[in-house]
Structures are given as C-alpha cells and as structure tokens.
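If you want the working numbering, it's the 1-based position in the sequence shown plus 731. Okay, so here's the structure we're looking at.
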Amino acid sequence: MSTEAPAIDLSSVPARATGAVIVDLARIAANWRALAAHVAPAECSAVVKADAYGLGAAEIVPALVSAGCRTFFVATPDEAQQARALAPRAVIYVLDGVLDAGFLAAHCTVPVLADPSDVSAWLQYCNKAGAKLPAALQVDTGLNRRGLSRRQLEGLVQSSDFAELAIRLVMSHLACADDPTSAMNSLQRDAFLAARERLPGVPASLSASDGLMLGAPFHFDLVRPGYALYGGQAFGGGRAPVEPVVRAFARVLQVRDVPAGQAIGYSATWTTRSRRRIATIAAGYADGVFRHASGSNGVPGGLIGIDGHLCPIVGRVSMDLVTADVTEAVTDDALSGQALWAELIGPSLPIETVGAKAGTIGYEVLTRLGRRFHRVYLGA
Ligand SMILES: *Cc1c(COP(=O)(O)O)cnc(C)c1O
C-alpha cells in the first residue's frame, strides 16, 4: 500500500530530536467550529482533560478560546488550574468531583458533583465560605461509573440541602454512543429526561463526541466532545465532520540488511525468511509505540510509513526503538540521501488504525504519545 508523501517539512526539527509530533491548531479550531455548527443551537464545549488528550493543553486551550469556545471540561484539579490560567473567562467544569473544594473554588472552577460525598463536601465548603458557588450535577443513567443514582438524586432534591446548591448543569454520560443501533442510547436518554424533570430550568448535557452524532434528541443544551476535536472518529454510524490534527514521525537511526534465518529484537520473536532490509527507528513504548504492536512470525503487528510505503513492525517494540521491515520502502538511493523519517501517525496511519493494530483505540494512541518527541504546532 502506498501513502502520500509527507507534505510536511521536517527540516526545522532540531537535529537532536528523535521524533516529532505535529499538531495542527488551526485544524482543531476548525473541528470545534464544525461540531459547534453541527449541534447549534446547542452549545459546544471542549473536553481538554489529560493535557488535551496528550496533544498539549497549553497550546490547544487558547486556540479553542480564539475559535469561540467558552466552556471546558477537565478531569483533575491540576488540569482545572492550568485551564483557568489559559482561559480566564471560560466556564471550567472538573469531572473528578470535589477532591479539594478550596482549590477548585480558588480557581473559580466548577466541580461536577457525581456522588453524595461530592455534594456534601461542596455544601460544607460553600457554607464555610458563605457563598453559593456553582456546581454541575452528574446523574447515572446506565454507565454505572460516575453519577448520582436515581434514588440518590431523589433524596437530594427532597432534602433541605437542595436549596443550598447552585446547580448550573445537569449531565450524564452514554455507554454505547459509538453504536447507533444500541438500545442503551434511548434507554439512557429516557433516564436522563426523567432526571432532568427533577431539575427544572437547569441546562442539560448528555453527549460526547459519538453521542452528538446520534442526532438532535441527544444534543440538549451542551455537548462535550473531546476525541472528535482531535480528529478522532468514534462514531460507528458514519464520519463526524472533523479532520485529523496530528502527525507523528520518528528518525530512522539505522538501516541494515539482514540475511535469511536471523532473529530480530528481544526474545527473538521474528526470524527473517529471506534477506530483509531492516530499519531501526528512534521510537519505542516510551514514546507511545505500543508494545502490543510488536510483530512476530505468524502474528503481524503494527505498521510504520516510510516514504510512501507502509512497512510492518518486526520483532519486539522496546522502550526506545522499534524495528520495521523496509525492504520495499528503502532503496539504496534513499540510503545515500538525507535524514530518513518514519511516519507513526499520518494520513495513511490514522489513530484508529494505529490503535487497532495494537489492540486498543485511537484515544489511547493520542494520550500515550510520549514527551520525548519535539512538538510542532501549526497555525499557532
Ligand atoms: C472524556 C469525557 C468526555 C469526552 O469524550 P469523547 O469521547 O472524547 O468526546 C465527555 N464527557 C465525559 C464525562 C468524559 O469523561
């Protein structure tokens, strides 16, 4: 299979960098605008937890603010603090609840109360502070992960505590939104409608990247995409209106011609059946190349792209290095030329493919991208 020649100029990457992650900020902004248009008149927020899915919150949050995004979701208090500094006027919701009420309040961030212990911790803090500080309320509708159960919600709305809360948003999370045929979707939506009836007038949010593709009945007042902003295609029922934003390359450190019958890499899991040209590339599991993408005889692993060709990974992926069979891709001429780069993520190696080849998903491909690679932000 042939890939398009990289239209990307890697000559500006410092000589000492073993790899490069190229993040297109203009494309992330365009993806957000496309999703916002898709769900209008509902509001489109941005989920920027885990350092904006590993791609760099420090660069991405300001780009989204410039695009018009006014509401962000993060997971942890530290992420909330960072997001607040980057988006001084935005609403910032913290999914992991009330781990440190004083810290969240000090940064004017809004906890997502998803358990009775969150509710009591926030009420206690608000009483002490003498202020009715805003909070979001997460209800469980079938994921059985975070969120108040139906009974807990009922107990809360009937308690005297309820009047003490300033609930800005009621939200829930779908389990099977990537599958438009799943019966879970409408069951969860019905449960969410029932919960919302107990909180009249409170804005509501049910859907993330895949859920917002299920149509207007799933949009409510606010959608919460993360993965789709970063070009991910999570929805099994068709393409989301977004384009890929990330490419990753690593340097080819060495190319050697290996005779037939030689083993390659740790534990000698792959043996050449004929003379093969093997590239050793400066990327390993510490850089986000999954060890599960190792290739052994009989069990093919992942792929890397070289100069228009997709090449199989052969042998074990190690911490800093990966070996690939580049017999068809690297000619003698190419060897005498300038620096050789291997593509790890790109137009012919989308994050979904890279994930599938390692038994995982594109989400994990993004969030595992290592910190050793040089980062280039386009459209900054
Ligand atoms: C991570 C997360 C999202 C974003 O999910 P994507 O599939 O990346 O769009 C939305 N809501 C909650 C509660 C989440 O944990």
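Don't be surprised by glycine CBs; every beta carbon is placed ideally from N, CA and C.
Between the CA atoms of residue j and residue i - distance to the nearest angstrom
i, j, result
"residue 906", "residue 1008", "45 angstroms"
"residue 864", "residue 892", "13 angstroms"
"residue 954", "residue 1067", "52 angstroms"
"residue 956", "residue 842", "18 angstroms"
"residue 736", "residue 1039", "Bear in mind that a pLDDT of 43 at residue 736, under 50, signals an unreliable position, so the number given afterwards is only what the model happens to contain. Distance between the alpha carbons of residue 736 and residue 1039: 5 angstroms."
"residue 920", "residue 951", "10 angstroms"
"residue 805", "residue 896", "21 angstroms"
"residue 744", "residue 1065", "20 angstroms"
"residue 883", "residue 847", "7 angstroms"
"residue 740", "residue 1077", "14 angstroms"
"residue 909", "residue 975", "18 angstroms"
"residue 747", "residue 1090", "32 angstroms"
"residue 1103", "residue 749", "8 angstroms"
"residue 958", "residue 1094", "7 angstroms"
"residue 732", "residue 1041", "Here the model assigns residue 732 a pLDDT of 40, short of 50, so the residue's position is not dependable, and the following value carries that caveat. Their Cα atoms are separated by approximately 6 angstroms."
"residue 1069", "residue 1010", "15 angstroms"
"residue 809", "residue 934", "26 angstroms"
"residue 1002", "residue 1056", "11 angstroms"
"residue 1099", "residue 965", "18 angstroms"
"residue 940", "residue 963", "9 angstroms"
"residue 1081", "residue 855", "47 angstroms"
"residue 949", "residue 874", "16 angstroms"
"residue 868", "residue 1023", "38 angstroms"
"residue 901", "residue 774", "14 angstroms"
"residue 1029", "residue 1000", "10 angstroms"
"residue 734", "residue 1034", "In this prediction, residue 734 has a pLDDT of 41, which is less than 50 and means its spatial position is unreliable; what the coordinates show is noted afterwards. Each residue's alpha carbon lies about 12 angstroms from the other."
"residue 838", "residue 938", "26 angstroms"
For residue i: DSSP bridge partner residues
i, result
"residue 1056", "1009"
"residue 995", "1001"
"residue 825", "805, 842"
"residue 758", "BP columns for residue 758 are empty, so no partner."
"residue 902", "869, 936"
"residue 1108", "754"
"residue 1072", "982"
"residue 774", "953"
"residue 987", "1009"
"residue 897", "865"
"residue 879", "870"
"residue 1027", "1030"
"residue 977", "754"
For residue i, the nearest candidate out of the options (CA to CA)
i, options, result
"residue 1111", "991, 791, 847, 783", "791"
"residue 918", "962, 940, 866, 872", "872"
"residue 972", "810, 758, 999, 859", "758"
"residue 762", "838, 960, 1000", "960"
"residue 1097", "1060, 1061, 1033, 1021", "1021"
"residue 979", "1088, 772, 786", "786"
"residue 1061", "1036, 1081, 1053, 1085", "1036"
"residue 870", "925, 814, 1074", "925"
"residue 936", "778, 988, 794, 742", "778"
"residue 903", "911, 876, 988", "876"
"residue 776", "989, 803, 789", "803"
"residue 1058", "1004, 1083, 1080", "1004"
"residue 1085", "1072, 1044, 1063, 859", "1044"
"residue 814", "794, 829, 867", "794"
"residue 989", "999, 1000, 1006", "1006"
"residue 830", "1072, 849, 840", "849"
"residue 789", "977, 812, 998", "812"
Closer than 8 angstroms: residue i CB and nearest ligand 1 heavy atom
i, result
"residue 683", "With the chain represented from 732 up to 1111, any question about residue 683 goes unanswered, as that position is not in the structure."
"residue 784", "yes"
"residue 841", "no"
"residue 1073", "no"
"residue 941", "yes"
"residue 868", "no"
"residue 826", "yes"
"residue 803", "no"
"residue 904", "yes"
"residue 922", "no"
"residue 863", "no"
"residue 877", "yes"
"residue 992", "no"
"residue 873", "no"
"residue 778", "yes"
"residue 814", "no"
"residue 958", "yes"
"residue 767", "no"
Short CB-CB distance (under 9 angstroms) between residue i and chain B
i, result
"residue 768", "No chain B appears in the structure shown, which is made up of a single protein chain."
Open item on the list: Quick test of the definition: if touching needs 3 or more C-beta pairs under 8 angstroms, does the stretch 983-999 touch the stretch 769-782?
Closed with: no
Open item on the list: Does the structure place the stretch 818-835 close enough to the stretch 986-996 that three or more beta carbon pairs sit under 8 angstroms?
Closed with: Verdict: no, contact absent.
TODO: Take every Cβ of the stretch 920-930, pair it with every Cβ of the stretch 874-892, and state whether three or more of those distances are shorter than 8 angstroms.
DONE: yes
Open item on the list: Below 8 angstroms, how does it come out for the stretch 1039-1051 and the stretch 1014-1031: are there three or more Cβ pairs, yes or no?
Closed with: yes
Task: Three or more C-beta pairs below 8 angstroms linking the stretch 791-808 and the stretch 767-781 - done: yes
Open item on the list: Assess contact between the stretch 740-756 and the stretch 1092-1111, defined as three or more Cβ pairs (one per stretch) separated by less than 8 angstroms. Is contact present?
Closed with: yes
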